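**Student:** Numbered as in the UniProt record's numbering, the sequence shown ends at 363 without a single skipped number. For every residue, glycine included, the Cβ atom is placed at its ideal position computed from N, Cα and C. Note that the structure is predicted; figures quoted are calculated from it, not measured.
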Amino acid sequence: MMNLEKEENYDRVSEVKAFDETKGGVKGLVDAGITKVPRIFFSDQVHRFGEASSSAAITVPTIDLDAIEEDPILRRSVAESVLDASAKCGFFQVVNHGIPVPVLDEMLRGVRRFYEQDAEIKKQWYTRDGSKTVIYNSNYDLYTAASVNWRDTAYVTMAPYSPNPDELPPVCRDIMIEYAEKMRKLGGVLFELLSEALNLDGKHLNEIGCSEGLGILYHYYPPCPEPELTLGASIHTDINFLTVLLQDNLGGLQFLCNNQWIDIPPLPGALVVNIGDLLQLISNDKFTSGLHRVLASRGGPRVSVASFFTTGLNSSSTMYGPIKELLSDDDPPKYRETTVREYSLHFNTKKDHITSALLDFMV
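(1) In the DSSP assignment, find the beta strand (DSSP E) that holds V171 and state where it starts and stops.
(2) Suppose you measure from the CA of S86 to the CA of K286; what does that come to, to the nearest Å?
(3) Does DSSP classify G50 as helix, strand or coil?
(4) Please state the DSSP three-state secondary structure of L83.
(5) Taking only the alpha-carbon atoms, compute the straight-line gap between T318 and E181 and give it to the nearest angstrom.
(6) Since P322 and N348 should fall inside the 8 Å C-beta cutoff, what is the C-beta to C-beta distance between them, to a whole number of angstroms?
(7) Would D152 and K36 be called neighbours here (beta carbons separated by less than 8 Å)?
(8) Please classify L4: is it buried, with 16 or more other beta-carbons within 10 angstroms of its beta-carbon, or exposed?
(9) In the DSSP output, what is A306 paired with across the bridge?
(10) Please confirm if the region 133–150 is in contact with the region 192–209, defined as three or more CB-CB distances below 8 Å between the two stretches.
(11) Measure the C-alpha to C-alpha separation of M2 and Y220 and round it to an integer number of angstroms.
(12) Quick check: M158 and L108, are their CB atoms within less than 8 Å of each other?
(13) Could you have a look at L231 and say whether DSSP puts it in helix, strand or coil?
(14) Mind checking M183: buried by the 16 CB within 10 Å criterion, or exposed?
(15) Leaving aside the five residues before and after S356 along the sequence, list all residues of the same chain whose C-beta is less than 8 Å from its C-beta, in chain order.
(16) Would you call the region 161–171 and the region 41–53 in contact, with 3 or more CB pairs under 8 Å?
(17) Can you look up T144 in the DSSP assignment and give me helix, strand or coil?
(18) What does DSSP give as the partner residues of R293 in its beta bridges?
(19) What three-state label does DSSP hand N274 in the structure shown?
(20) Check the DSSP bridge columns for V94 and list the partner residues they point to.
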């Protein structure tokens, strides 16, 4: 049971505002020597759906992408593995994906350099202005979420419009650009495999724009003095078509499968892939956008990099609905058409994301 402060002594609005105005994020609290988790971080989701399963019956599948360009039989087998993982719980890991391990390692080091640079220098990127190139803050939904996550995040849109390099943080500029270039190529490959998994032409998902946009989130999870009271990331699905996650060696990421939390232990050189809401929508539920979370920990800091394939809030008239080739009299469309922007705006109005925003788009 949480040791909650008396409600009459708790002014959430003022506490959130005061925290935001420090521009120091969660790391600033830890650097100041905090020993108790502030009330705004308390989460009633910590024990939702129980503890993680210790059973080996469910694990995150690991899919090897080596030689899929040369061997069509192997490629078909890989596409079937992608289908199985994407349909069941929406999570899998990929190895031999084409991004060299030194690039992955340098990307993680670059994130640490950004967050661990002088606090006054870092503050120049702290903003809630969505038009900025670099949007660094603690929790994009700080003022609307039911609880604040024990995490700081910087977000940069890398495609379809590339950022001005001069506007990126110098301590990680070069690796941000290199990593995004390689991630865009990998995204194209993954969408080909996902297309083939659905028995569509391999170019289908790329041609309808699923890989057009790329936004990258650079997460920093400081050590937490009372991890039993909060989460690094609240329970949610992803708003996009697809997420590709690079995580360090600390762990903490879990996905929900068969009503059980399943750990995704770090695997050197691997990237975690998960289906987003928009891909579940256009696949007419043949793929699953799975719930997931990140635990807070006394260890750390934990660092991760989440690549979101989406055009986000960019204005676009492109409508997305269930792909017609996947429909039949026995399998009619389950969702109405929407734009990426409309869905993103609706998603962001929700106070929590345990209940899928997709339900509001069902026909």
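**Tutor:** Taking the definition as stated:
(1) In the DSSP assignment, V171 falls outside any beta strand (DSSP E) and carries neither an H nor an E.
(2) Going by the C-alpha atoms only, they are around 8 Å apart.
(3) In the three-state scheme derived from DSSP, where H, G and I count as helix and E and B as strand, G50 is classed as coil.
(4) Note: L83 maps to helix in three-state DSSP.
(5) One alpha carbon belongs to T318, the other to E181, and they sit about 24 Å apart.
(6) Beta-carbon to beta-carbon, P322 and N348 are separated by about 23 Å, too far to satisfy the 8 Å threshold.
(7) Not in contact: D152 and K36 (Cβ atoms no closer than 8 Å).
(8) Here L4 scores only 45 on pLDDT, less than 50, and its place in the model should not be relied on; the value that follows carries that caveat. Exposed, because fewer than 16 other Cβ atoms sit within 10 Å of the Cβ of L4.
(9) A306 is bridged to L217 and L245.
(10) Cβ pair count under 8 Å is below three, so no.
(11) Annotation note: pLDDT 46 at M2 (below 50); position unreliable, coordinate value reported separately. Roughly 25 Å separates the two Cα atoms.
(12) Contact: no.
(13) Reduced to three states, the DSSP call for L231 is strand.
(14) Per the 10 Å Cβ criterion, buried.
(15) Annotation for S356: T237, D277 and S289 place their beta carbon closer than 8 Å to its own, counting only its chain and skipping 5 residues before and after.
(16) Too few Cβ pairs lie closer than 8 Å, so no.
(17) Three-state result, T144: coil.
(18) DSSP lists Q254 as partners of R293.
(19) N274 falls in the strand class under three-state DSSP.
(20) Answer by DSSP bridge pairing, in chain order: I63 and L271.
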